[in-house]
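Just below is one structure, and these are the notes that go with it.
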Amino acid sequence: MKYVDEFREAGAIRKAAEEIRRLADPKRHYRFMEVCGGHTHAIYRFGVKDLLPPNIELIHGPGCPVCVLPMGRIDDALSIAQDPNVIFTAFGDMMRVPGAHGSPLEHKARGMDVRIVYSPTDALKLAQKNPERQVVFFAIGFETTAPSTALTLMRAKALNVANFSVFCNHVTILPAIRAILDSPDMRIDAFIGPGHVSTVIGCRPYEWIVRNEHKPIVISGFEPVDLLQTIGMLLRQLKADHAKVENQYGRVVPWEGNRAALKAMAEVFELRPYFEWRGMGFISQSALRLRAGYAAWDAEQRFEVPGVRVTDPKAAQCGEVLKGALKPAQCKLFGKECTPEHPIGALMVSSEGSCAAYYNYEYRKAALTHVGASA
Amino acid sequence: MCLAIPAKVVELSSTEPSRALIEVAGARRSIDIGLLEEDPVRTGDWVLVHVGFALSKISEEQAREQLSTLAKLGESEAAIQEVTGYGGDSP
């Protein structure tokens with residue numbers, strides 16, 4: 063409660079929380095997965111869990127692009143960056159993610175030309191300004207980010223910027239949800255659908271979940287009230303034995319998505335036959351690569367990329383946490399070897415990773431309470 | 070990572086039809102508006118910006134709500150830093 067009390071919508075929050083208590087069957091245990099890492103962050107930050115009855119469990123899903131990228135891809139990226147003629151560009155989120163021989167930031171400290179960009183268009187601009195250098199953009203992200211990379215590539219092609227290329231690691235959210243549903247140790251009752259991914263793909267692509275799996279899904283906003291309303295909507299569907307796609311975030315998410323963004327993605331990308339997800343293994347048709355028409359801007363074709371699989375440290379249980387089979391604190395390394403200051407697994411690196419979110423909001427809070435109690 | 074930042078469009082570029090100037094917390098930056106070509110952006114519109122691209126149009130009220138969500142998530146500084154980072158040193 064302490065996180066949300068200070069906000070002026072406390073009344074609306076209380077009302078939504080009461081509604082949840084009224085709707086939840088005390089004899090039942092509910093497992094809801096929030097797919098999006100932004101939701102995971104919001105849930106911890108706002109203390110949403112504290113507002114829920116104990117029989118509603120929130121499972122943190124795979125929607126943190128930094129967290130699901132396997133270590134081998136980071137090493138591939140860094141092997142490209144090793145070329146002294148390359149200016150290697152990446153989003154700030156990627157800079158601290160450890161590869162087998164250190165993070166991009168550590169490689170920068172060792173003298174590689176690794177630079178943070180905030181937009182793929184900045185990387186393109188850098189290429190135009192440095193025609194004698196090769197500028198490579200490390201593209202990561204779900205459908206929220208992929209259209210921006212697509213449009214940047216379309217601009218690079220139109221302007222014929224030959225020294226620009228993209229190391230493409232874009233992934234798509236639906237195959238990951240499907241993989242989670244197919245996994246034998248997984249029992250999820252319903253899904254909190256991603257907000258900003260859905261501004262691009264719309265609500266229709268989720269219909270197979272309700273049709274084939276008979277699981278409700280509600281696209282949600284990021285405010286505490288949004289999340290609580292969404293949970294209420296899921297409970298109402300379960301109570302009525304309905305399974306449908308609902309849009310709680312209609313004020314931002316159009317049912318049909320963003321057609322121009324989908325068009326740009328279709329122009330530039332095609333599905334990879336399979337792609338490895340950290341902690342989840344290979345998932346078929348779950349990632350994007352550049353189409354033949356854009357091969358000239360594809361860093362994987364322009365540079366030699368080792369493509370070596372790197373397994374995570376054995377003791378790290380990122381995969382189990384990612385699938386919701388383990389809670390972050392149940393991992394052997396959590397809070398000991400692996401902390402946000404010294405992350406071993408990627409779930410500890412990003413603020414959207416469930417381990418970092420849990421560490422920053424729950425674990426520290428518990429530690430403080432403990433210290434307070436013993437003082 | 071899927072952080073989307075609300076911003077007001079203050080000027081459309083006269084030289085590049087796909088770019089516009091936005092304002093966030095007093096900072097002005099150039100963004101790409103190509104993803105909204107089916108619903109063209111006008112001066113005064115509010116948009117959600119992600120990695121330097123306008124992703125969707127929103128109302129002014131939604132923009133204020135988004136700003137307050139970012140502030141509550143402790144990410145408004147990151148959001149402003151991200152926007153001021155667009156284009157490196159030059160707007």
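Here the protein sequences come in this chain order: A and B. Note that the working numbering has the first sequence beginning at 63, numbered continuously upward. Note that the working numbering has the second sequence beginning at 70, numbered continuously upward. Heads up, the beta-carbon is just placed ideally off N, CA and C, and yes, glycines get one too. Note that this is a predicted model, so its numbers are computed, not measured.
Assigned exposure category for W317/A - 16 Cβ within 10 Å defines buried: exposed
G161/A versus A123/B - alpha carbon distance: 32 Å
Euclidean distance between Cα positions of S413/A and P109/B: 34 Å
Cα-Cα separation between P246/A and A387/A, rounded to whole angstroms: 11 Å
Alpha helix (DSSP H) segment containing C417/A, residue limits: S416 to Y420
One or two residues paired with D360/A in a DSSP bridge: V228/A
Test: D175/A CB closer than 9 Å to a CB of chain B: no
Identity of the residue in H101/A, T102/A, D138/A and F108/A nearest P368/A by Cα: D138/A
Backbone secondary structure at S83/B - three-state DSSP: coil
Contact with chain A by P160/B, beta-carbon distance below 9 Å: For P160/B, the pLDDT reaches just 35, beneath the cut-off of 50, and the residue's location in the model is therefore unreliable, leaving the point undetermined.
Unbroken alpha helix (DSSP H) run spanning Q190/A, endpoints: P182 to K191
Residues that DSSP places opposite H122/A in a beta bridge: E96/A
Beta carbon of T261/A nearer than 9 Å to that of V280/A: no
Sequence ranges, beta strand (DSSP E) only - wholly within the stretch 106–138 of chain B, length at least 3: 115–119 and 122–127
C-alpha gap between P86/B and E106/B, whole angstroms: 10 Å
Interface residues of chain A facing G143/B [CB-CB closer than 8 Å]: R107
DSSP-derived helix/strand/coil call for L243/A: helix
According to DSSP, residues forming a beta bridge with V196/A: Val is not the amino acid found at residue 196/A; the sequence shown has Gln there. Answer by DSSP bridge pairing, in chain order: V148/A.
Residue-level contact to chain A via CB, L136/B, 9 Å cutoff: no
Residue-chain proximity (V93/B, chain A), Cβ-Cβ < 9 Å: no
C-beta neighbour in chain A for V79/B, strict 9 Å: no
Alpha carbon of R334/A to alpha carbon of L131/A, nearest angstrom: 15 Å
Residue(s) in a DSSP beta bridge with L438/A: Residue 438/A falls outside the range modelled here, since chain A spans only 63 to 437, and no answer is possible.
Straight-line Cα distance separating A323/A from I235/A: 16 Å
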